[in-house]
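Each residue of the sequence shown is one higher than the one before, counting from 1 in UniProt numbering. The beta-carbon is built from N, C-alpha and C at its ideal position, and this holds for glycine as well. Working notes, beginning with the structure itself.
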Amino acid sequence: MSPEKAVSRNQDANNKLVFFEGCSYAFDLEDLLRASAEVLGKGTFGTAYKAILEDATTVVVKRLKEVAVGKKDFEQHMEIVGSLKHENVVELKAYYYSKDEKLMVYDYHSQGSISSMLHGKRGEDRVALDWDTRLKIALGAARGIARIHLENGGKLVHGNIKSSNIFLNTKQYGCVSDLGLATISSSLALPISRAAGYRAPEVTDTRKAAQPSDVYSFGVVLLELLTGKSPIHTTGGDEIIHLVRWVHSVVREEWTAEVFDLELMRYPNIEEEMVEMLQIAMSCVVRMPDQRPKMCEVVKMIENVRQVDAETKISQRDTGNTPSTPSYILRGSE
């Protein structure tokens, strides 16, 4: 795999790509090796590549680093992750394990992540994320995380929730990727980076991730959707701004309207919904883990932001979107 080979060729012959039932892909490790590759991003647990195979199939290959478990435990964990089928969770298609390489294979999402949509160049060609879209992203991602938390006897943890791990599914709802890597990785001290802004205060290393820390991270994603700001960003000078602290300080001064993304201010009649969503986000990012809501509760709170009659396409009042924006039912529709 070029430009950087994701897998060395001298692998144990017994190690093969393991595909999950129902996967329509038909390629092997050698095909992946020959694929042209582009680095999509480097994160806490590894590097993601966009791989284009010779038959034009495009997939995402995640090359893991610092895996702390043996083959049996790795395979058991992959089976748990791969068996999770939900429209708001990006499905793991295949995995690979050898002494030197551990890979995970996913579908490629051509629209890119929510992070790139929010923080990409804000030029003339960029399509702004309107409020309806942000609501659908939040609701879909919340449902996906809540589903993850039910797996493995209610013990599964995502451990790496951030906007670069959330994509849009075919119905344009949020869809969560990259789950469960914290539990199989070495205990990593966590550097200051953009990802640090998603981290709950109690998570001092990767192995301390838990379901309440997932809730905190999701709360930061909600703040990101509301403000349009990265979780850690700099001002015009060199000052580093931590999003959660900044929102706390603004809300404390009762300047709540100052929090919201200017791109959202063009839409009338949505401030009440944005304030409700802000309250949900703030409940998720409280400092004490046992005071945060569970994800199933967060889902219900987001569903209640816009009460919709199931017989109609949209709530009765005008949401202020342009006519080209499709109506949708938040409740009961992913």
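* Straight-line Cα distance separating Gly112 from Ala182 -> Position 182 of the sequence shown, counted from the start, is the residue given in the question as residue 182. Position 112 of the sequence shown, counted from the start, is the residue given in the question as residue 112. Between Ala182 and Gly112, the alpha-carbon positions lie close to 23 Å from each other.
* Asked: For Ser116, which of helix, strand or coil comes out of DSSP?
  -> Position 116 of the sequence shown, counting from 1, holds the residue named residue 116. Note: Ser116 maps to helix in three-state DSSP.
* Would you tell me roughly how many angstroms separate the C-alpha atoms of Lys42 and Ala48, rounded to the nearest one? => On the sequence shown, residue 42 is found 42 positions in, with the first residue counted as 1. On the sequence shown, residue 48 is found 48 positions in, with the first residue counted as 1. Approximately 6 Å between the Cα atoms of the pair.
* **Whole runs of the beta strand (DSSP E) within the segment 234-273, excluding any shorter than 3 residues** => 240-242
* Asked: Between the beta-carbon of Gly82 and the beta-carbon of Ile137, is there less than 8 Å?
  -> Mapped onto the sequence shown, residue 82 falls at position 82. Mapped onto the sequence shown, residue 137 falls at position 137. It is not a contact, given that the beta carbons lie outside the stated cut-off.
* To do: With a cut-off of 8 Å on the beta carbons, I'd call Tyr198 and Ser185 a contact; round off their distance for me.
  => In the sequence shown, residue 198 corresponds to position 198, counting from 1. In the sequence shown, residue 185 corresponds to position 185, counting from 1. Between Ser185 and Tyr198 the Cβ distance is about 16 Å, and since that is not below 8 Å, they are no contact.
* Among Ser283, His233, Arg266, which has the Cα closest to the Cα of His248? -> Against the sequence shown, residue 248 aligns to sequence position 248. For His248, the nearest C-alpha among the options comes from Ser283.
* Asked: Hey, is the segment 162-170 in contact with the segment 137-148, meaning 3+ C-beta pairs nearer than 8 Å?
  -> yes
* Compare the beta carbon distance of Gly180 and Gly159 with 8 Å and say whether it is the shorter of the two. => By 1-based counting over the sequence shown, the position of residue 180 is 180. By 1-based counting over the sequence shown, the position of residue 159 is 159. For the 8 Å CB-CB criterion, Gly180 and Gly159 form a contact.
* Do you know whose CA, among Asn88, Val69, Ser24, lies nearest Thr57's CA? -> Numbered from its first residue, the sequence shown carries residue 57 at position 57. Selected option, being the one with the closest Cα: Ser24.
* **Own chain, CB closer than 6 Å to Leu40, minus 5 neighbours either side, in chain order** => On the sequence shown, residue 40 is found 40 positions in, with the first residue counted as 1. So the list reads Ala48, Lys50, once near-sequence residues are dropped.
* Taking C-alpha atoms, which residue in Leu135, Lys171, Asp178, Phe45 lies nearest to Leu156? -> Residue mapping note: residue 156 aligns to position 156 of the sequence shown, counting from 1. Nearest C-alpha to Leu156: Asp178.
* Name the one or two DSSP bridge partners that Asp107 has. => Numbered from its first residue, the sequence shown carries residue 107 at position 107. For Asp107, which the question treats as bridged, DSSP gives the partners Val59.
* Distance between Val299 and Pro201 (C-alpha atoms, nearest Å) -> As a position in the sequence shown, residue 201 is number 201, starting the count at 1. As a position in the sequence shown, residue 299 is number 299, starting the count at 1. In a straight line, the C-alpha of Pro201 is about 23 Å away from that of Val299.
* **Contact belief for Met277 with Leu226 at Cβ below 8 Å, rounded distance in angstroms** => For the purposes of this step, residue 277 is taken as the residue at position 277 of the sequence shown. For the purposes of this step, residue 226 is taken as the residue at position 226 of the sequence shown. At roughly 6 Å, the Cβ-Cβ gap stays under 8 Å, so Met277 and Leu226 are in contact.
* Asked: Helix or strand or just coil, what does DSSP make of Gly82?
  -> Here residue 82 is taken as the residue at index 82 of the sequence shown, counted from 1. Helix, per DSSP.
* For Thr47, three-class secondary structure by DSSP -> Reading the sequence shown from its first residue, position 47 is the one you call residue 47. In the structure shown, Thr47 sits in a strand (DSSP, three-state: E or B).
* Tell me Tyr216's beta-bridge partners as DSSP assigns them. => As a first step, residue 216 is located in the sequence shown; it is residue number 216 there, counting from the start. DSSP, once it has assigned bridges, lists no residue as partnering Tyr216.
* Asked: With 16 as the cutoff for other CB atoms within 10 Å, does Asp214 come out buried or exposed?
  -> In the sequence shown, counting from the first residue as 1, residue 214 sits at position 214. So Asp214 counts as buried.
* Find the nearest neighbour of Glu151 within the set Thr204, His77, Val285, Ala196, judged by alpha-carbon distance. => Position 151 of the sequence shown holds residue 151. The shortest Cα separation from Glu151 among Thr204, His77, Val285, Ala196 belongs to His77.
* Just checking my contact of Met295 with His149 at CB under 8 Å: how many whole Å lie between their CB atoms? -> Within the sequence shown, the letter at position 295 stands for residue 295. Within the sequence shown, the letter at position 149 stands for residue 149. With a Cβ gap of about 5 Å, Met295 and His149 count as contacting.
* Can you grab the Cα-Cα spacing for the pair Val67 / Ile270, in whole Å? => Sequence index remark: in the sequence shown, residue 67 carries index 67 (1-based). Sequence index remark: in the sequence shown, residue 270 carries index 270 (1-based). Using only the alpha carbons, I get a separation of about 45 Å.
* With DSSP as the reference, label Leu40 as helix, strand or coil. => Here residue 40 refers to the residue found at position 40 when the sequence shown is read from its first residue. Of the three classes helix, strand and coil, the one that applies to Leu40 here is strand, per DSSP.
* Are there 16 or more other CB atoms within 10 angstroms of the CB of Ser110, so buried, or fewer, so exposed? -> On the sequence shown, position 110 is the one that residue 110 refers to. Counting Cβ neighbours within 10 Å, Ser110 comes out exposed, since fewer than 16 surround it.
* Find the nearest neighbour of Ser115 within the set Glu272, Leu103, Ala128, judged by alpha-carbon distance. => By one-based count along the sequence shown, residue 115 stands at place 115. The option with the nearest alpha carbon to Ser115 is Ala128.
* Using the C-alpha atoms, what's the distance from Asp31 back to Ala37? -> Your numbering for residue 37 matches position 37 in the sequence shown. Your numbering for residue 31 matches position 31 in the sequence shown. Straight-line Cα distance between these residues: approximately 12 Å.
* **For Ser163, three-class secondary structure by DSSP** => Along the sequence shown, one-based indexing puts residue 163 at 163. Here Ser163 carries a helix assignment [DSSP, helix/strand/coil].
* Asked: In chain order, what residues of the same chain have a beta carbon less than 7 Å from the beta carbon of Gly228, not counting five sequence neighbours either side?
  -> On the sequence shown, residue 228 is found 228 positions in, with the first residue counted as 1. The residues are Leu118, Asp261, Glu263.
* To do: On the DSSP bridge assignment, give the partners of Leu168 in chain order.
  => Taking the sequence shown and counting its residues from 1, the one referred to as residue 168 is at position 168. For Leu168, which the question treats as bridged, DSSP gives the partners Gly174.
* What residues match up with Ser185 in a beta bridge as DSSP calls it? -> Position 185 of the sequence shown holds residue 185. DSSP, once it has assigned bridges, lists Val67 as partnering Ser185.
* Quick one: residues in its chain with C-beta nearer than 7 Å to the C-beta of Phe74, no 5 flanking neighbours on either side, listed in chain order? => The residue labelled residue 74 in the question sits at position 74 within the sequence shown. Here the set comprises Val67, Tyr97, Lys102, Ile184.
* Asked: Is DSSP giving Leu92 helix, strand or coil here?
  -> Position 92 of the sequence shown, counted from the first residue, corresponds to residue 92. In the structure shown, Leu92 falls within a strand segment according to DSSP collapsed to helix, strand and coil.
* In three-state terms, what does DSSP make of Asp130? -> The residue labelled residue 130 in the question sits at position 130 within the sequence shown. Asp130 falls in the coil class under three-state DSSP.
* To do: Using the Cα positions of Asp130 and Thr44, report the straight-line distance between them to the nearest angstrom.
  => As a first step, residue 130 must be located in the sequence shown, where it is residue number 130. As a first step, residue 44 must be located in the sequence shown, where it is residue number 44. Taking the straight line from one Cα to the other gives about 30 Å.
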